[in-house]
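A.B. asks: Residue numbers (my numbering), protein chains in the order written: chain Z, 20 to 255; chain P, 521 to 1292. All C-beta atoms in this analysis are idealised placements derived from N, C-alpha and C, irrespective of residue type, glycine included. Could you have a look at this structure, given as structure tokens, before my questions?
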């Protein structure tokens, strides 16, 4: 764009520009509106690579699917890779997988650290799906199960270390339901409270806003594919 | 009365034990190797009024790490998320590094000499043509003590105008006036230890969980340790604080004024007061009523001694009979039964009650009155000057106390509780400053709102703004921005980044920040903390006090600053310290602060700090056996004020049916000029939102994250809706934050202010809301 540090460059312009850069994250929507999704191009580009990297065994794995996605095996069969869900997503949270996804090439994925699901009240991605890969009977955003957030790195989590962070909690769209704060005494200072964020898997939709907002370079909280809770007869 | 001496001993023993053992710095092996070559220094955090201590790691002239200081008594090694990323606030890509001068619509680089010569010429021209009151300076509660002191001496002692204000006018002025008219001395009698030692905490409209993060974690720990501890949140909005409180009491905006009066009614009716305490320490007074709201320019309202009526206790009781709990319920929305319950908590002799408040009470068009009423609760029940039982006014900025209030960078103040209207005070000040007392004007200068309005009226010709961002943070800001953009005054802005204020400046000066200079801050609990310069400021950036002194030299006022270059900070400190000695605000010799993590004044002759003022158990100004003595108040008696209910400046109506309230959140600091340049904090919270009650949103067809247009009589703005998020305002109210420079929410706020403190009410105006 404009030359940096060049002599005679208008300082005011430079300053304005820098200020804009600062706020780039604040006008996410405007930015998104400008760019169109091109799933077909992606598919074509990816197909050559796919031939080489077909990894059926890994295809399911840990990829996070858009809201309403049916079970992974059936999803792979049902999804026609049309990209309509991605086009319908106002935040461009849904991306079309490239060759690295193996047989999943061209299927929609969500990478929360890049852009989480903002849980639109009307779930336009599901409405847009023509194939049933995204289940149309799902209408309540709180019933979405993209995955489940897990605090993977307890040793790095600033809140667990006693700092007043809890960003994941305050950003959670289901604050006080999916993530709660469990306060406990901080024995190190003997005078403060550790405000530990705790994820409740029965409420967590896996939108990934927590993962996206974690201030650590590698997020301490990460969305995983939901693990089926193992039921037994033990009661307590 | 039974001053609980055991509590003092208990508290002292704990503190001593802590100091003796110390807190081991737990670090994994191998870290030492990685840290080789890093030198560590101590400093208070740059952000809020809590005053956390941090360790700053410097290597190769750059800060490479910061961490909470385990030896810091305030935070014991902890920080909030802003403090965790503290050093990054200094390393934004667009730091200002060179002076810039306006040439038409462009800002061009200039040398310091060019810039300072220009400023001096403009100030001299204005003073010659229109007198010294045509120029002004606007500073900050984030100024160091030295910067504030330099500005005060320059403006009041040199130029001869009291047109000097800090942005603390927007945050602490109401607290200040109430401290002065009640106790005769600014700042609290208690301290943070009260958070560990009390058992009942009443929060008056304060979201402490987000605005005072580490302190809140300390308060909650008391609750975790002691099942008796109760936290009651009286507020207009359910916040993160509410979530951790035992009880939330919803109140209508401005309702505190009625609710507390009704509580006092109950305390008097049911004889829950401490008669002996009242007899010994309290006077009753009635002030001037039917006060205006400051909406008209040049409106004058003062409470002079002639306006004040002395009351007997019986007369006061009679006057308070009108404020029944039912009346209180009607106005505040707090059920009468709850008002009674709250009153009984204050009156309960088995409970140690501490009241906590901040901007909800201070940014209030009757803020001084509400502060007075909170003191009334404590003075009537005798719950004051005892560990765990105090009214504790929380501050917003790191040195609102240390600089703005103690140095006295307000239009009416001089150092150490003195004022310009008082001849003896001017004489004492002139004596220490080595100037003719006539040089200090007896005329109170322009307060913040009038200062900026005077630009619009073409009355103020020059203003120098340091360390603050008024063209984003002042209410009804579009009027002020338009005046500035029309170049009605010559505006100088010293800052570290481009801001909404540098945008309208004629000269921009690059400043040194935090540990790029040596300095002293003073926090909420009277703790004075010192730090050394640890790194060089970038490019040609310079400390604010250096800028002012270079300007002073050009104004022929260099003689006011006879300090040596090397001993500058110490020499200035020792001069300033003379104001505090014997004034009940005694500061320690400069060297003392280099060794400790702050000291709470008054510092005793033996160098020890004071935790509780006005009590013989701790305050060096009392003799043993004196119990409690309010020695700064006339006749050693403090005032219980009769303060009735008066309505807010603007209330919702048919056209503008919602209350609009503004405030802080944990992730960002003030106008976001620093935290907005920390990528991690921007990742956490990228922009302002408008919080709404879910039922209001549903009625208006607004869903979460929908764009919403909010319009007041002064401006209009679009923000994404936040419904069922971190906080939920009561029905009929909406809330937003002021950190986002792309959304100037202060264009909506009314510029009504408290007639006594001149502090604007950022918490109440009327808006309409619709889906955009």
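Between the alpha carbons of residue 1252 of chain P and residue 1282 of chain P, how many angstroms are there, rounded?
C.D. replies: If I take the Cα positions, the gap works out to 17 angstroms.
A.B. asks: Residues of the region 597 to 608 of chain P in Cβ contact with chain Z at a cutoff of 7 angstroms, in chain order, please.
C.D. replies: Listed in sequence order: 597, 598, 599, 600, 601, 604.
A.B. asks: Counting along the chain, where does the alpha helix (DSSP H) carrying residue 641 of chain P start and finish?
C.D. replies: From DSSP, the alpha helix (DSSP H) with residue 641 of chain P extends over 632 to 650.
A.B. asks: Secondary structure at residue 830 of chain P, three-state DSSP: helix, strand or coil?
C.D. replies: It is a strand residue.
A.B. asks: On the criterion of 16 or more Cβ atoms from any shown chain inside 10 Å, does residue 1079 of chain P qualify as buried, or is it exposed?
C.D. replies: It counts as exposed.
A.B. asks: Can you give the Cα-Cα distance for residue 763 of chain P and residue 996 of chain P, rounded to whole angstroms?
C.D. replies: Cα to Cα, the separation comes out at about 33 angstroms.
A.B. asks: Check residue 746 of chain P in the structure and name its three-state DSSP category.
C.D. replies: Coil, per DSSP.
A.B. asks: Can you give me the C-alpha to C-alpha distance between residue 919 of chain P and residue 1118 of chain P, rounded to a whole angstrom?
C.D. replies: Approximately 13 angstroms between the Cα atoms of the pair.
A.B. asks: Quick one: using the 10 Å Cβ neighbour count with 16 as the cut-off for buried, is residue 141 of chain Z buried or exposed?
C.D. replies: Answer is exposed; the Cβ neighbour count stays below 16.
A.B. asks: Please report the distance separating the alpha-carbon of residue 160 of chain Z from that of residue 112 of chain Z.
C.D. replies: Each residue's Cα considered, the two are about 15 angstroms apart.
A.B. asks: State the Cα-Cα distance for the pair residue 1239 of chain P and residue 1169 of chain P, rounded to the nearest angstrom.
C.D. replies: Cα to Cα, the separation comes out at about 25 angstroms.
A.B. asks: Quick check: residue 104 of chain Z and residue 153 of chain Z, are their CB atoms within less than 9 angstroms of each other?
C.D. replies: Yes, the pair counts as a contact, with Cβ atoms nearer than the cut-off.
A.B. asks: Along the beta strand (DSSP E) that carries residue 953 of chain P, what are the first and last residues, could you check?
C.D. replies: Not the beta strand (DSSP E): residue 953 of chain P falls in the alpha helix (DSSP H), residues 943 to 953.
A.B. asks: Which stretch, first to last residue, makes up the alpha helix (DSSP H) that contains residue 898 of chain P?
C.D. replies: It spans 887 to 901 - the alpha helix (DSSP H) in which residue 898 of chain P sits, taken as one unbroken run.
A.B. asks: If the cut is a Cβ gap below 7 angstroms, which residues of chain Z does residue 864 of chain P touch?
C.D. replies: Ordered by position in chain Z, no residue passes the 7 angstroms Cβ test against residue 864 of chain P, which lies about 28 angstroms from the chain.
A.B. asks: Name the chain Z residues that come within less than 9 angstroms of residue 860 of chain P, Cβ to Cβ?
C.D. replies: Neighbours of residue 860 of chain P on chain Z: none; closest Cβ ~30 angstroms, over 9 angstroms.
A.B. asks: Indicate whether the contact test is met: 3 or more Cβ pairs, each with one atom in the region 1175 to 1195 of chain P and one in the region 951 to 965 of chain P, closer than 8 angstroms.
C.D. replies: They do not touch, by the three-pair rule.
A.B. asks: Would you mind reading off the limits of the beta strand (DSSP E) that contains residue 982 of chain P?
C.D. replies: Note, residue 982 of chain P: beta strand (DSSP E), 982 to 986.
A.B. asks: Could you tell me which residues DSSP puts in a beta bridge with residue 1050 of chain P?
C.D. replies: In the DSSP output, where bridge partners are listed per residue, residue 1050 of chain P has P:1040.
A.B. asks: Could you give the DSSP three-state label for residue 205 of chain Z: helix, strand or coil?
C.D. replies: Strand, per DSSP.
A.B. asks: DSSP three-state label for residue 1131 of chain P, please.
C.D. replies: Three-state DSSP puts residue 1131 of chain P in coil, outside helix and strand.
A.B. asks: Quick one: what's got a C-beta closer than 6 angstroms to residue 147 of chain Z's C-beta in the same chain, skipping five residues either side?
C.D. replies: Cβ within range, chain order: 103, 104, 107.
A.B. asks: Please decide whether residue 142 of chain Z counts as near chain P, where near means a Cβ-Cβ distance under 9 angstroms.
C.D. replies: So no, residue 142 of chain Z is outside the interface.
A.B. asks: Would you report the Cα separation of residue 1284 of chain P and residue 914 of chain P, rounded to the nearest angstrom?
C.D. replies: Cα to Cα, the separation comes out at about 20 angstroms.
A.B. asks: In chain order, what residues of the region 191 to 206 of chain Z put their CB closer than 8 angstroms to some CB of chain P?
C.D. replies: Correct list: 192, 194, 195, 200, 202, 203, 204, 205.
A.B. asks: Is the Cβ-Cβ distance between residue 178 of chain Z and residue 1205 of chain P less than 9 angstroms?
C.D. replies: Contact: no.
A.B. asks: Taking the continuous beta strand (DSSP E) assigned at residue 211 of chain Z, which residues delimit it?
C.D. replies: 211 to 218 is the extent of the beta strand (DSSP E) around residue 211 of chain Z.
A.B. asks: What residues from chain Z crowd round residue 734 of chain P, counting only those whose CB sits closer than 8 angstroms?
C.D. replies: Residues of chain Z passing the Cβ test: 183, 211.
A.B. asks: The region 214 to 232 of chain Z: which residues have C-beta closer than 9 angstroms to a C-beta of chain A, in chain order?
C.D. replies: The displayed structure is made up of protein chains Z and P, and chain A is not among them.
A.B. asks: Roughly how many whole angstroms lie between the Cα atoms of residue 1241 of chain P and residue 1234 of chain P?
C.D. replies: Looking at the two C-alpha atoms, the distance is approximately 21 angstroms.
A.B. asks: Is the beta carbon of residue 1039 of chain P less than 9 angstroms from the beta carbon of residue 664 of chain P?
C.D. replies: Contact: yes.
A.B. asks: Check for me: the beta strand (DSSP E) holding residue 1285 of chain P runs from which residue to which?
C.D. replies: Here the beta strand (DSSP E) through residue 1285 of chain P covers 1285 to 1291.
A.B. asks: Determine the closest residue to residue 897 of chain P out of P:582, P:650, P:787, P:1141, with distance taken between C-alpha atoms.
C.D. replies: Residue P:787 is the option with its Cα nearest to residue 897 of chain P.
A.B. asks: Counting only beta-carbon atoms, is residue 273 of chain Z nearer than 9 angstroms to chain P?
C.D. replies: Outside the shown range of chain Z (20 to 255) lies residue 273 of chain Z, about which nothing can therefore be said.
A.B. asks: Please report the distance separating the alpha-carbon of residue 945 of chain P from that of residue 1103 of chain P.
C.D. replies: Distance between the alpha carbons of residue 945 of chain P and residue 1103 of chain P is about 12 angstroms.
A.B. asks: So that I know if they touch, is there some Cβ in chain Z lying closer than 9 angstroms to that of residue 717 of chain P?
C.D. replies: With 9 angstroms as the cut-off, residue 717 of chain P does not count as an interface residue toward chain Z.
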